[in-house]
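Student: Attaching a single structure in structure tokens format; questions to follow.
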Amino acid sequence: MQPIDQQRMASPIIISVQCFYCSKWFPESQLRTIGESVKMCEACQHKHMKNMLEFEPPPYCQSCLTTTQALAARGDDRLAVHYKDGIYQVLCMACDAVYVQQRKDLYARTEFGYKEAKL
Ligand SMILES: [Zn+2]
Ligand SMILES: [Zn+2]
Numbered sequence: 026m027q028p029i030d031q032q033r034m035a036s037p038i039i040i041s042v043q044c045f046y047c048s049k050w051f052p053e054s055q056l057r058t059i060g061e062s063v064k065m066c067e068a069c070q071h072k073h074m075k076n077m078l079e080f081e082p083p084p085y086c087q088s089c090l091t092t093t094q095a096l097a098a099r100g101d102d103r104l105a106v107h108y109k110d111g112i113y114q115v116l117c118m119a120c121d122a123v124y125v126q127q128r129k130d131l132y133a134r135t136e137f138g139y140k141e142a143k144l
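Take a look at the structure:
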């Protein structure tokens, strides 16, 4: 009788790719490529379409809650849209910079991360 470890079959190697939106790993064939290099799984695609239709950006940053008026007074009232914690959120440029740095794992692989954020 052989020890159990030696009887185990080698598991097949699956090349998995990370979904840009839910950060789960999938076999490459199950993901769609959006734009240049963003990968999205099917579940997220459905959610994405639904959210896009329902999305109405609020007039303030959803991270620091600064209103666009206050941001305009500071000289930059642009808001960046992020898919964060399962929903779309708008972030002011300061929070956007912090968030992009936090999610280097995702953004560094995109054309945006490479060219604009210099990750
Ligand atoms: Zn996904
Ligand atoms: Zn903010």
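Each residue of the sequence shown is one higher than the one before, counting from 26 in my numbering.
Note that CB positions come from ideal geometry on N, CA and C, so glycine has one too.
Are S41 and P52 close, meaning C-beta to C-beta below 8 Å?
Tutor: In contact: S41 and P52 (Cβ atoms closer than 8 Å).
Student: Could you please give me the residues that DSSP links to A152 through a beta bridge?
Tutor: Since the displayed the chain opens at 26 and closes at 144, residue 152 lies outside it and no answer follows.
Student: On the premise that C86 lies in contact with V125, defined as a C-beta separation below 8 Å, what is that separation, rounded to the nearest angstrom?
Tutor: Contact flag wrong, Cβ pair sits at about 14 Å.
Student: Below 8 Å between beta carbons: does that hold for P84 and T93?
Tutor: Yes, Cβ-Cβ distance for P84 and T93 is below 8 Å.
Student: Could you pull out every residue in the same chain whose Cβ sits closer than 7 Å to the Cβ of F80, ignoring the five residues on either side in sequence?
Tutor: Cβ neighbours of F80 beyond the five flanking positions: Y113.
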